[in-house]
Each structure stands twice: as structure tokens, then as C-alpha cells.
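Accompanying notes for the structure given below.
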Amino acid sequence: MNIKILGPGCPACERLEQTVMAVLAELGLPAEVEHVRDMKNITALGVFGTPGLLTNDDVKAVGTLPTREALKKWLQEAAAPLT
Numbered sequence: 002m003n004i005k006i007l008g009p010g011c012p013a014c015e016r017l018e019q020t021v022m023a024v025l026a027e028l029g030l031p032a033e034v035e036h037v038r039d040m041k042n043i044t045a046l047g048v049f050g051t052p053g054l055l056t057n058d059d060v061k062a063v064g065t066l067p068t069r070e071a072l073k074k075w076l077q078e079a080a081a082p083l084t
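Under our numbering, think of the first position of the sequence shown as 2, with each following residue one higher.
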């Protein structure tokens with residue numbers, strides 16, 4: 002599973018990355034996590050607000066911090082085709 006956290010390094014973006022890593026550990030899911038900080042690269046992915054989250058190149062969140070429950074659901078769904 003590939004996860005992209007999009008944001009220039011603001012507190013909300015860092016918090017999203019920390020929460021994603023914690024949820025992955027809690028669920029025991031392997032993932033390649035990339036934090037994209039360059040705004041040009043972020044907009045090239047079709048995201049125009051941060052923080053943003055993509056799982057397997059699917060946009061899941063833009064401009065908001067998703068709940069831990071939403072993250073669990075999205076990460077389990079993204080991992081399902083791979084397990």
C-alpha cells in the first residue's frame with residue numbers, strides 16, 4: 002500500500018503523518034509512506050488544500066484532519082486488495 006501525506010510541513014500536516022503512522026502500527030499494516038512537501042507536486046496530484054491524504058493514489062482527505070476512525074477504515078480498505 003502506498004500512502005502520500007501532502008503538506009508543506011505545517012502542524013496539521015505533521016499531525017496527520019504521526020496519526021497515520023500510529024494507525025498503521027496499531028493495525029499491523031505494511032505501507033510505503035511518503036510526505037510530499039512541495040506545493041507544485043501537491044497540486045500536480047490534484048490537491049489544492051493541505052493537509053491532504055492519498056492511499057494508493059486515491060484522494061481521501063483535502064484541507065482537513067480526518068478522524069482516527071476514518072483513517073482506520075481507509076487504510077484497511079487500501080490494504081484489502083493487497084492481502
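Beta carbons are placed, not taken as given, at the ideal position from N, Cα and C, and that holds for glycine.
Bear in mind that the values here come from a model prediction, so they are computed numbers and not experimental data.
- Here Thr51 is near Pro9, since their CB atoms are less than 8 Å apart.
- Secondary structure of Val48 (DSSP, three-state): coil.
- In this chain, the alpha helix (DSSP H) harbouring Thr20 covers Pro12 to Leu28.
- For Asp39, the closest of Val24, Val48 and Pro31 by C-alpha to C-alpha distance is Val48.
- Between the alpha carbons of Met22 and Leu30 lies a distance of about 10 Å.
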